[in-house]
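In the numbering used here, the protein residues as written are 81 to 250.
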């Protein structure tokens with residue numbers, strides 16, 4: 081499927097759809113606990129965002145526009161504020177966040193990590209709230225992500241100075 085065909089599908093909020101190398105991937109909406117973590121994390125990023133930055137939940141992001149196209153829907157992204165209403169591209173994303181769910185663990189931990197790095201997204205966080213809440217804060221270095229899992233409080237300077245209390249997700 082091409083990017084043009086993807087855009088022609090229109091909006092559907094009853095399912096979560098992504099385009100993976102031209103193949104339409106449809107999955108059920110995430111569980112309630114996932115939505116709660118997404119809301120808390122998105123709000124936490126938004127209130128700490130300095131002027132000129134914003135956090136957006138579940139946007140379509142064009143990872144690769146060439147046919148067969150790839151369009152992902154990160155749980156949260158941080159972008160620079162602007163009035164442009166066009167679809168986001170990987171170049172717009174300063175931070176992509178994925179919250180692990182039973183059905184998406186492998187995709188988020190392996191496939192999206194590779195896709196986001198290849199697309200040049202500078203910062204990628206993976207949040208795991210099963211058991212002790214933890215976050216893998218990854219930074220793109222020479223085309224690959226490097227980083228560590230953290231628990232408790234995560235402090236970062238990228239994409240702007242911020243602090244996230246992971247225990248608030250428990």
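Quick reminder that beta carbons are idealized off the backbone N, C-alpha and C, glycines included.
Remember, predicted model here, so these are calculated numbers, not experimental data.
Could you say which of 135, 106, 86 lies nearest to residue 120 if we only look at CA atoms?
-> On the chain shown, position 40 is the one that residue 120 refers to. The option with the nearest alpha carbon to residue 120 is 135.
Can you list, in chain order, the residues of its chain whose CB lies under 7 angstroms from that of residue 124, leaving out five sequence neighbours each side?
-> Along the chain shown, read from residue 1 onward, the residue named residue 124 stands at position 44. Cβ within range, chain order: 244.
Span of the alpha helix (DSSP H) holding residue 193?
-> Taking the chain shown and counting its residues from 1, the one referred to as residue 193 is at position 113. First-last of the alpha helix (DSSP H) with residue 193: 192-199.
Separation of residue 162 from residue 112, as counted between CA atoms | One-based indexing of the chain shown puts residue 112 at position 32. One-based indexing of the chain shown puts residue 162 at position 82. So the alpha carbons of these two residues sit roughly 31 angstroms apart.
Can you name, in chain order, every residue of its own chain whose Cβ lies under 6 angstroms from the Cβ of residue 202, other than the five neighbours on each side?
-> As a working mapping, residue 202 is identified with position 122 in the chain shown. Only 220 meet the Cβ criterion.
What's the gap between the Cα of residue 239 and the Cα of residue 90?
-> Walking along the chain shown from the start, residue 239 turns up at place 159. Walking along the chain shown from the start, residue 90 turns up at place 10. C-alpha separation (whole angstroms): 31 angstroms.
Are the beta-carbon atoms of residue 178 and residue 139 separated by less than 8 angstroms?
-> By one-based count along the chain shown, residue 178 stands at place 98. By one-based count along the chain shown, residue 139 stands at place 59. Cβ atoms of residue 178 and residue 139: not closer than 8 angstroms.
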